[in-house]
Amino acid sequence: MSDDNVNGTTGHEDATARLPVTLPSAETVMAYERTVPGASERILNMTERAFEHTIRMAEEEGAHRRTLERRRHVRGMFALVFGFIVALLAVLFGCCIAYLQDPLIGTIITLGVPAILIAGWVLASPKAAATARGNH
């Protein structure tokens, strides 16, 4: 029974298809072994090291992506908290101006600054950016 008859029955074809290292055919390995004794063992060791390297690189890439996502999340939370503090200070400052000085200017500050911050937050959101680019 050849390897071609077995292919497709294990369920691991998709996983092995993505790996960059492949084993030579059995006939080729046997020819190497007849020519240089111990060649098949060296071929298997080399293939195992290549598989381990591929797996290690995939794990490191996943860890790197998680780190970048965590940093992006922290940066977003910092921006959200900072925007909230600025809006709160604008409301307090606007109320003080409306009470002590000019009600119109105070009202504009009290309502305008938070509205501008909210508009900036909505326009900067990933969904709005995707819609602006035409990616629905």
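In the numbering used here, the protein residues as written are 39 to 174.
For every residue, glycine included, the Cβ atom is placed at its ideal position computed from N, Cα and C.
Predicted model, so just to flag it, every value in this text is computed and none were measured.
Going by other Cβ atoms of all chains shown within 10 Å of its Cβ, with 16 needed for buried, is residue i buried or exposed?
i, result
"G132", "buried"
"A157", "exposed"
"A101", "exposed"
"A162", "exposed"
Can you grab the Cα-Cα spacing for the pair residue i / residue j, in whole Å?
i, j, result
"R104", "F116", "18 Å"
"T73", "V112", "60 Å"
"L106", "E99", "11 Å"
"F120", "L138", "27 Å"
"K165", "R110", "16 Å"
"T66", "M84", "16 Å"
When the distance is taken between beta carbons, is residue j closer than 7 Å to residue i?
i, j, result
"I143", "I154", "no"
"A77", "E71", "yes"
"T145", "V129", "no"
If distances are taken between C-alpha atoms only, which option among the options comes closest to residue i?
i, options, result
"F89", "A128, T60 and A125", "T60"
"E150", "T66, R108, T169 and V124", "Correcting the residue identity first, residue 150 is Gly in this sequence and not Glu. Comparing Cα positions, the closest option is V124."
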